[in-house]
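Presented below is the structure to which this report refers.
Right under this line is the structure:
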């Protein structure tokens, strides 16, 4: 995790939790002079638009005071949704048995993209079965991971 992302996580997660929500994850992407800060929140029973507005207002206030992002940015507060992103080893463990799509920061065994069955975790590795092969992907190599929704 980048130091900027760690700084934002440390600053914003307690705010989200204090409001009664789970801070599911934070994404920050710097795109030239304009960046995007996306905060995913969750709660029992699901997240409504009003929940996102409440958290957004509170986070905006904290960001205005602390000013951790030097460039212009857009703040989005969202539920994890159906294509739920996975950020932590605990989240990967919780969703074992689901189909996932994983993109790595750098190639592992010659590839960066994996799509298959999330088997679980082993220490700091995410175990994914792609067809007949099982891969142990180090969590710190994962750039992006999402659940693939099932409509059975």
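In the numbering used here, the protein residues as written are 3 to 154. Think of the CB as a built atom: it goes at the ideal place given N, C-alpha and C, for glycine as much as any other residue.
Buried or exposed: residue i, going by 16 or more other Cβ atoms within 10 Å of its Cβ?
i, result
"residue 86", "buried"
"residue 82", "buried"
"residue 148", "buried"
"residue 22", "exposed"
"residue 94", "buried"
"residue 49", "buried"
"residue 27", "buried"
"residue 51", "exposed"
"residue 153", "exposed"
Which residue or residues does DSSP assign as beta-bridge partners of residue i?
i, result
"residue 33", "36"
"residue 147", "104"
"residue 159", "There is simply no residue 159 to check, as the chain begins at 3 and stops at 154 in what is shown."
"residue 68", "In DSSP, residue 68 forms no bridge with anything."
"residue 28", "41"
Shortest alpha-carbon distance to residue i belongs to which of the options?
i, options, result
"residue 79", "129, 138, 30, 112", "30"
"residue 56", "147, 20, 46", "20"
"residue 73", "38, 88, 14, 51", "38"
Since residue i contacts residue j with CB under 8 Å, what's their CB separation in whole angstroms?
i, j, result
"residue 106", "residue 139", "7 Å"
"residue 130", "residue 118", "5 Å"
Does the structure place the segment 93 to 107 close enough to the segment 63 to 71 that three or more beta carbon pairs sit under 8 Å? no
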